[in-house]
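Novice:
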């Protein structure tokens with residue numbers, strides 16, 4: 008039996024226990040009423056959205072409110088995975104839409120290793136589990152990461168296993184961890200490798216997005232080449248009546264040549280930017296944006312070309 012953190016209130020549990028569409032509506036209504044009565048929370052992202060996304064002040068404030076609501080909904084979705092019964096969770100999966108289901112059906116039909124590359128957006132854990140139930144039944148799900156599981160994540164994994172998806176997190180902190188991930192993929196696991204990790208996670212590659220000289224951790228090309236995997240870019244977003252998984256163009260990695268790495272990096276960069284522009288309020292990592300920017304050149308002492316933009320982000324975040 009799953010043990011819920013006692014700090015989680017009774018009302019939060021009740022809302023999380025509602026059907027997906029109902030809990031989304033209830034949370035939105037409570038958020039709107041509370042905002043009208045007490046004022047909307049302003050974490051400071053409006054200035055960031057205005058400068059980085061080049062939005063008007065009014066639109067930036069709207070995005071900020073949408074981001075706060077999204078954070079509340081994200082917490083509710085994590086809790087729903089713990090308090091909803093297995094049959095109820097399976098019913099919730101009916102409300103996960105896919106932009107191009109035929110593309111995933113073709114990928115699954117090949118029987119080849121598969122690498123899904125989502126961003127940290129939306130209720131991605133539930134969306135990924137839903138994809139496994141629908142398109143990859145019977146195949147394990149391996150989520151790559153570089154830290155130990157937290158208690159909440161461990162509990163969620165157990166619930167997802169009860170739904171019928173053999174999910175696990177796998178640490179990749181050294182060569183042996185990476186080679187083990189390769190072995191899992193070759194043996195049939197569907198691998199999740201987030202494409203929006205900051206460069207500190209390793210193998211950084213320049214991928215400028217939103218007019219900024221951002222860099223992202225980039226190991227998808229090596230993993231795909233060693234496993235002969237098909238790579239499927241994804242973006243999971245939460246909508247009022249369900250979730251939407253946007254599927255990008257599937258690609259393969261042919262070699263380790265620099266031009267091939269550059270080609271794949273360009274595909275990933277385009278996917279990240281398109282996802283952020285489409286639903287910026289649902290990206291979970293805005294507060295860490297500075298970690299993706301270059302710092303001052305420690306060898307020559309020269310300032311980064313993005314010093315001005317970086318300073319704007321530092322003061323806005």
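Residue numbers (the working numbering): 8 to 324. Note that the Cβ used here is the ideal one computed from N, Cα and C, for glycine as well.
Count the other C-beta atoms from every protein chain shown that fall within 10 angstroms of the C-beta of residue 294, then say buried if there are 16 or more, exposed otherwise.
Specialist: It counts as exposed.
Novice: Count the other CB atoms within 10 Å of the CB of residue 17; is the residue buried (16 or more) or exposed (fewer)?
Specialist: Per the 10 Å Cβ criterion, exposed.
Novice: Measuring CB atoms only, is the segment 268 to 284 touching the segment 196 to 216, in the sense that at least three cross pairs come out at less than 8 angstroms?
Specialist: The segment 268 to 284 is in contact with the segment 196 to 216.
Novice: If you draw a straight line from the C-alpha of residue 26 to the C-alpha of residue 50, how long is it?
Specialist: Taking the straight line joining both Cα atoms gives about 29 angstroms.
Novice: Would you identify the three-state DSSP class for residue 37, choosing helix, strand or coil?
Specialist: Residue 37 falls in the helix class under three-state DSSP.
Novice: Where do the N-terminal and C-terminal ends of the beta strand (DSSP E) with residue 178 fall, by residue?
Specialist: Per DSSP, residue 178 belongs to the beta strand (DSSP E) from 174 to 178.
Novice: Taking just the CA atoms, how far does residue 254 sit from residue 93?
Specialist: Distance between the alpha carbons of residue 93 and residue 254: 26 angstroms.
Novice: Return the chain-ordered list of same chain residues with a C-beta closer than 6 angstroms to the C-beta of residue 77, the five sequence neighbours on each side being excluded.
Specialist: The residues are 288, 289.
Novice: Going along the chain, which residues of its own chain have a beta-carbon closer than 6 angstroms to the beta-carbon of residue 75, five neighbours each way excluded?
Specialist: Hits under 6 angstroms: 48.
Novice: Would you kindly work out how many angstroms separate the C-alpha atoms of residue 114 and residue 106, rounded to a whole number?
Specialist: Taking the straight line from one Cα to the other gives about 15 angstroms.
Novice: Since residue 245 and residue 57 should fall inside the 8 angstroms C-beta cutoff, what is the C-beta to C-beta distance between them, to a whole number of angstroms?
Specialist: Residue 245 to residue 57, Cβ: 23 angstroms. No contact.
Novice: Report buried or exposed for residue 303, applying the criterion of at least 16 other Cβ atoms within 10 angstroms of its Cβ.
Specialist: With a pLDDT of 41 at residue 303, under the threshold of 50, the modelled position of this residue cannot be trusted; read the value that follows with caution. By the 10 Å Cβ count, residue 303 comes out exposed.
Novice: Taking contact to mean 3 or more Cβ pairs, one atom from each stretch, closer than 8 angstroms, check whether the segment 124 to 135 and the segment 222 to 241 are in contact.
Specialist: In short, these stretches touch, since the Cβ pair count reaches three.
Novice: Taking DSSP as the reference, what is the three-state secondary structure of residue 130?
Specialist: Looking at residue 130 - three-state DSSP - the assignment turns out to be coil, as it is neither helix nor strand.
Novice: Return the chain-ordered list of same chain residues with a C-beta closer than 8 angstroms to the C-beta of residue 34, the five sequence neighbours on each side being excluded.
Specialist: Result list for residue 34: 22, 76, 79, 80, 83, in chain order.
Novice: Going by DSSP, name the residue or residues bridged to residue 245.
Specialist: Answer is 250, bridged to residue 245.
Novice: Between residue 232 and residue 197, which are expected to be in contact by the criterion C-beta below 8 angstroms, what is the C-beta distance as a whole number of angstroms?
Specialist: Contact flag wrong, Cβ pair sits at about 17 angstroms.
Novice: Are residue 199 and residue 149 closer than 8 angstroms when you measure CB to CB?
Specialist: The answer is yes: Cβ separation under 8 angstroms.
Novice: One question on the structure: do residue 204 and residue 300 come within less than 8 angstroms of each other, judged by their Cβ atoms?
Specialist: No, they are not a contact pair.
Novice: As an exercise, report each continuous beta strand (DSSP E) stretch of at least 3 residues that is fully enclosed by the segment 211 to 284, in chain order.
Specialist: Segments of the beta strand (DSSP E) lying fully in the segment 211 to 284: 211 to 213, 222 to 224, 237 to 246, 249 to 254.
Novice: When we look at the beta-carbon of residue 137 and count the other beta-carbons within 10 Å, is it buried (16 or more) or exposed?
Specialist: The residue in question, residue 137, is buried, as its Cβ has 16 or more Cβ neighbours within 10 Å.
Novice: May I ask you to list the residues that DSSP assigns as paired with residue 152?
Specialist: For residue 152, which the question treats as bridged, DSSP gives the partners 178.
Novice: Enumerate in chain order the residues of its own chain whose CB-to-CB distance from residue 226 is below 6 angstroms, with the five nearest sequence positions on each side excluded.
Specialist: Once the five neighbours on either side are set aside, the close Cβ partners of residue 226 are 210.
Novice: Just confirm the distance between the C-beta atoms of residue 144 and residue 235, as a whole number of angstroms; I'd bet it's less than 8 angstroms.
Specialist: Their Cβ separation, rounded to whole angstroms, is 22 angstroms, which puts residue 144 and residue 235 out of contact at 8 angstroms.
Novice: On the criterion of 16 or more Cβ atoms from any shown chain inside 10 Å, does residue 158 qualify as buried, or is it exposed?
Specialist: It is exposed - the Cβ of residue 158 has fewer than 16 other Cβ atoms within 10 Å.
Novice: Please go through the same chain and pick out, in chain order, the residues whose beta-carbon is closer than 6 angstroms to the beta-carbon of residue 228, but skip the five residues on each side of it.
Specialist: Cβ within range, chain order: 260, 268, 271.
Novice: Find the nearest neighbour of residue 168 within the set 285, 139, 61, judged by alpha-carbon distance.
Specialist: Among 285, 139, 61, the Cα nearest to that of residue 168 is on 139.
Novice: Name the DSSP bridge partner or partners of residue 122?
Specialist: 198, 238, per the DSSP bridge assignment.
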